[in-house]
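To start, the structure under review is shown below, and the notes come after it.
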Amino acid sequence: MKHCLLVTPGTRRRPIVVSVVAVVALCATTISAQWLRHPTPGVPRTRDGKPNLSARAPRTADGRPDFSGVWQNDGYDPTHIEGVGSPPRTVFFDLSFGLGGSPPYQPWAGELAAERKTNNSKDNPDARCLPLGPLQMLAHPLPKKIIQAPGLLVILHERNMEFRQIFTDGRSMPNDPQPSWYGYSSGKWERDTLVVETVGFHDGLWADFNGSPLTDHARMTERFHRPNFGTLEIQVTIDDPKAYTRPWTVNVNQHIALDADLLEYACLENEKDVPHLVGK
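Using this note's numbering, read the sequence shown as starting at 482 and increasing by one per residue.
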């Protein structure tokens, strides 16, 4: 706001007042249009009024844990510059961080992942405004919003305004699902944990930014658990015998983002970078 007002010597008082009012009104309109305040309702507080993130997780009318809210991936450092210093410690960029070592690739999959990484991940769907796929969606640094309703859980992602549906109405998995970027997901409750099975992926998805592949043989099992108000634990197991020698598991835990909402993100709007993605 302080940069919006310019008063020069020798200006008469009345025009100053008019100018100040006009400029302040213009700046206030501009600033208020940048973002709307969305206080998160029902936030538990400590005695000093701060959010109590360790408080009990909320529950739905039917007694299930409520995962609703805006969530941000843990472990992402937005100040890190790719290629400078140590690699960013996040599953989104490199599965080996979450696995404590290299993924158990089939030979061809390991060669493909190495080639993609050497080629600076220029063909990553994320770089070309294509859907992320299920694991990159959860691990992506941009926020996601969960909406939980009877029989359905929806994950909205800020990145390119993507969404994913998880059916919790007891339906069985289809025998031959239509291949898609996010597959077909069905969940069931095991006490306070939602266990989600997903099948029916497109062949050739990327599990991380470096290019670890997922194929049309992949089956993903997720376990969603909210131990307290501020934390959402998500354990992901990938069983893809076409690309890996055994199943592997990573955690992509989230922390709640209070007083926030998703922004519109149109990946291809005014896009000028793709022609410059030449790789190595």
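Ideal placement from N, C-alpha and C gives every residue a C-beta, glycine not left out.
* Spell out whether any CB of chain D is found under 8 angstroms from the CB atom of arginine 652. => Protein chains in the displayed structure number just one, and chain D is not present.
* To which residues of the same chain is aspartate 657 closer than 6 angstroms at the C-beta, ignoring the five residues directly before and after it? -> Nothing listed; no residue qualifies.
* Asked: Hey, how far is the Cα of leucine 623 from the Cα of asparagine 734?
  -> Straight-line Cα distance between these residues: approximately 13 angstroms.
* Asked: So, using beta-carbon positions, are glutamate 714 and proline 708 closer together than 8 angstroms?
  -> Inclusion of glutamate 714 and proline 708 in the CB contact set at 8 angstroms is warranted, their separation being smaller than that value.
* Straight-line CA distance for glutamine 716 to histidine 736? -> Going by the C-alpha atoms only, they are around 14 angstroms apart.
* State yes or no: is the C-beta of arginine 693 within less than 8 angstroms of the C-beta of leucine 613? => What sits at residue 693 in the sequence shown is serine, not arginine. Annotated as distal: serine 693 and leucine 613, with beta-carbon spacing of 8 angstroms or more.
* 8 angstroms contact criterion, which glycine 668 and phenylalanine 682 should meet: CB distance rounded -> Incorrect: roughly 17 angstroms between the Cβ atoms, too far for contact.
* To the nearest angstrom, report how far apart arginine 640 and tyrosine 746 are at their CA atoms. => Cα to Cα, the separation comes out at about 6 angstroms.
* Look at serine 602 and phenylalanine 690 and say whether their C-beta atoms are less than 8 angstroms apart. => In this structure, phenylalanine 690 lies closer than 8 angstroms to serine 602 by Cβ.
* Is leucine 675 closer than 8 angstroms to phenylalanine 710 when the C-beta atoms are compared? -> The Cβ atoms of phenylalanine 710 and leucine 675 do not sit closer than 8 angstroms to each other.
* **Local Cβ density within 10 Å of glutamine 617, reported as buried at 16 or more and exposed below that** => Under this definition glutamine 617 is a buried residue.
* Asked: In its own chain, which residues sit with a C-beta less than 7 angstroms from the C-beta of leucine 739, not counting the 5 before and 5 after it?
  -> So the list reads Thr521, Val524 and Pro532, once near-sequence residues are dropped.
* Enclosing beta strand (DSSP E) for tryptophan 589 [first to last residue] -> From DSSP, tryptophan 589 is part of no beta strand (DSSP E) but of the alpha helix (DSSP H) over 588-599.
* Asked: Grouping DSSP H, G and I as helix and E and B as strand, with all else coil, what is glycine 523?
  -> Three-state result, glycine 523: coil.
* Please go through the same chain and pick out, in chain order, the residues whose beta-carbon is closer than 8 angstroms to the beta-carbon of tryptophan 593, but skip the five residues on each side of it. => The residue you asked about is not tryptophan; residue 593 is leucine in the sequence shown. Answer for leucine 593: Gly692 and Pro694, listed in chain order.
* Taking DSSP as the reference, what is the three-state secondary structure of methionine 701? -> Assignment of methionine 701 by DSSP, reduced to helix, strand and coil, places it in the strand class.
* If you count every other CB in all the chains shown that lies within 10 Å of the CB of isoleucine 636, and 16 or more means buried, which is it? -> Buried: at least 16 other Cβ atoms inside 10 Å.
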